[in-house]
Structures are given as C-alpha cells and as structure tokens.
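Novice: My questions will all concern the structure given below.
And the structure:
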C-alpha cells in the first residue's frame, strides 16, 4: 500500500487525441493511505503557443529576450468537487470539460499540437487540490493532443502535387570534390510535396549516372519555424528525422521507392499565423565515397559538404476529413 498521497489525471482516450469541438473526459485518481481534507478539487485546461528565440542561432540582441509572450489559446477552470474529505484508498473523480463553449463558432485559433525547436503548441489538463496552510497542495498535469476538427476540411489535399526533381553537379550551390565535379552524376525522381498528415511522404528516385561510388542516399524531414520578434522575423530550420533509402553504391537506372512515415507530435498542418509560422521541407542528400568524409566529424546531416549533393523541396502538410478517424 502506498505511504504517500498521489494524484494522477487519466483521460478516457488512450491516445489522448481530441478535437476542439469535443469534450475532454476522464478521471482524477487520488490514492491516499489516510483520509485527507481539502478545500476543493479544481480542474484547469490551458492551451498556448510558446515561442522562444535562441540567441546563438538567431543572432537577436539580448534586449529582445523575454518579450515573446505565450499566445493563449484556451484557459478554463472548473470545480469538480467542493471542499470536504477524501477517504483512504483509491478515489476516482470523473470530469468532463468542453474546450469550446456552447454556441461558440469554430475558430482557427485552436492550432494543432506541435512540439518544435522554438515553437511549442501544447494543451494541458491540471488537477489542483488545495489543502490549507498547514498541508502541501496536491496537483497533477496531463497533456492532451488537439487535432483539427473543422467541418470544411477537404477529403484530401487538392491537388496532390508530385514534383519532378533532378540532381546533378550543376545544380549544387556549394563546392564539390574535384573527382565528383569532373566525373559528374545525375539523379532524378519525383516527390509528393503536398500530402495528408495521415499519409506517408512518398515518391521515387533513380540514380542514372555517377562516376564516383555512392555510399548513402537519405531523406531528411525539416521544420522551418519563423517568429516575429520586434520588427524582425527570426527563422530557424531544424532536423526532425532522417530516413535512409539506399545504403552503398546503388545500381544505375533502378527506381528506389521513397516512403517516409510522418512523426505525429513533431509535425502539424502547415501554419501561417500572424506572429509565427511553421513550415516543412524535405532535403534529399546523396553521399559519395570519400576519405575526407571519414575524417570529418558527424554534424548536421543536411549541411553542405564537399562529398555530398543536396536537393531541398518545400512540403505542405494538411489534415483531411479521413484523418479525423485515424484514432
């Protein structure tokens, strides 16, 4: 039996996914070895966009720090039980809270949950149990996930755009090793640059020619976060995930499939709000065999290198009606 009193928030859905038009339901679970008194049991729901700027990457002067206030999306508090006593053992108190008041129109401010580098969109449930001056208050917090629930969402992004690309020594904006530059290479393919969050990032790639052996072909998913700070727009691009689609020197003129599953909490529908925006890109990297590559320490896999060829493509992500039933 537990020797201390604990409080947890348990949601009715194991995946914790809700729409802004739905009620978030669950229970507050209190486990205590003894009977305890309390002044009330309150439940708070908060949603906010938290913005930060890292000086080293953005180069923003110090006077800008701290002026980026969170954007409040949602803030509600309700009393689920009045003052009284909680018996020893396990007590479960059910709750149900509407995220949007009855009759309130569907608004765009309910941005989807997103965990980025400088931008975090987060929704939290907090149970608070104040117990007076002589006792430490009890509390517990649980994050839940918001997905778009607009009735006018399209069945799927229209049109699903497939972009044809080609990568050669002449398309590179950074220096290449002499043997790569002189011998030449050509890689062609196509990629869907507009897709549903429920669908994989798909396409194909073909190595038509390469004088230098290839060691790896990778697909990197990038996020581009922009924040308005004062009169400036600070933009930072960071890596979300990397997927290797070829290891070693691939056969020429063989079509390689591109199939990348999108990570749920690290992506969201592309957002273009007033004070911030969240966009995405795909970076295709082709690494060639080189002794220099082995001697260099590993760092940003999308940074230009003498032994690498790069191609960056914009990626628009959207949620569709059929995504709403994915949970």
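Residue numbers (UniProt numbering): 1 to 327. Even glycine gets a Cβ: it sits at the ideal position worked out from N, Cα and C. For clarity, every value in this text was computed on a predicted model and none was experimentally measured.
Rounded to a whole number of angstroms, what is the C-alpha to C-alpha distance between residue 7 and residue 85?
Specialist: Rounded to whole angstroms, residue 7 to residue 85 spans 15 Å at the Cα level.
Novice: Suppose you measure from the CA of residue 53 to the CA of residue 223; what does that come to, to the nearest Å?
Specialist: Distance between the alpha carbons of residue 53 and residue 223: 15 Å.
Novice: Express the C-alpha separation of residue 72 and residue 34 in angstroms, rounding to a whole number.
Specialist: Cα-Cα distance, rounded: 39 Å.
Novice: What first and last residue would you give for the beta strand (DSSP E) that runs through residue 167?
Specialist: Residues 162–168.
Novice: DSSP on residue 208, reduced to helix/strand/coil?
Specialist: Residue state, collapsed to three classes: strand.
Novice: Does any residue of chain D bring its CB to less than 9 Å from the CB of residue 82?
Specialist: Among the protein chains of the structure shown there is no chain D, as only one such chain exists.
Novice: Report the rounded CA-to-CA distance for residue 279 versus residue 215, giving the unit in angstroms.
Specialist: Approximately 30 Å between the Cα atoms of the pair.
Novice: If we ignore side chains and look at the alpha-carbon of each, how far apart do residue 28 and residue 49 end up?
Specialist: If you take the alpha carbons of residue 28 and residue 49, they lie about 26 Å apart.
Novice: Grab the span of the beta strand (DSSP E) containing residue 89 for me, first residue to last.
Specialist: That run of the beta strand (DSSP E) goes 89–98.
Novice: What residue does the beta strand (DSSP E) around residue 342 start on, and which one ends it?
Specialist: Lying before the first or after the last residue shown, residue 342 is absent from the chain, which here runs from 1 to 327.
Novice: Between the Cα of residue 123 and the Cα atoms of 76, 276, 252, 185, which residue gives the shortest distance?
Specialist: Measuring from the Cα of residue 123, the nearest candidate turns out to be 76.
Novice: Output yes or no for whether 9 Å exceeds the beta carbon distance between residue 204 and residue 256.
Specialist: For residue 204 and residue 256, yes; Cβs fall inside 9 Å.
Novice: Are there 16 or more other CB atoms within 10 angstroms of the CB of residue 269, so buried, or fewer, so exposed?
Specialist: Its Cβ being crowded by 16 or more others within 10 Å, residue 269 is buried.
Novice: Alpha carbon to alpha carbon, how far is residue 117 from residue 129? Give it in angstroms, no decimals.
Specialist: So the alpha carbons of these two residues sit roughly 33 Å apart.
Novice: Quick one: Cα of residue 139 to Cα of residue 16, how far?
Specialist: Taking the straight line from one Cα to the other gives about 19 Å.
Novice: As a quick exercise: from 248, 95, 226, 90, pick the residue whose alpha carbon is nearest that of residue 23.
Specialist: Nearest option by C-alpha distance: 95.
Novice: Is residue 211 near residue 276, with beta carbons less than 9 Å apart?
Specialist: It is not a contact, given that the beta carbons lie outside the stated cut-off.
Novice: Suppose contacts are defined by Cβ-Cβ distances below 9 Å. Is residue 21 in contact with residue 100 by that definition?
Specialist: Yes, they are a contact pair.
Novice: Ends of the alpha helix (DSSP H) at residue 182?
Specialist: Looking at the DSSP string, the run of the alpha helix (DSSP H) that includes residue 182 is 178–183.
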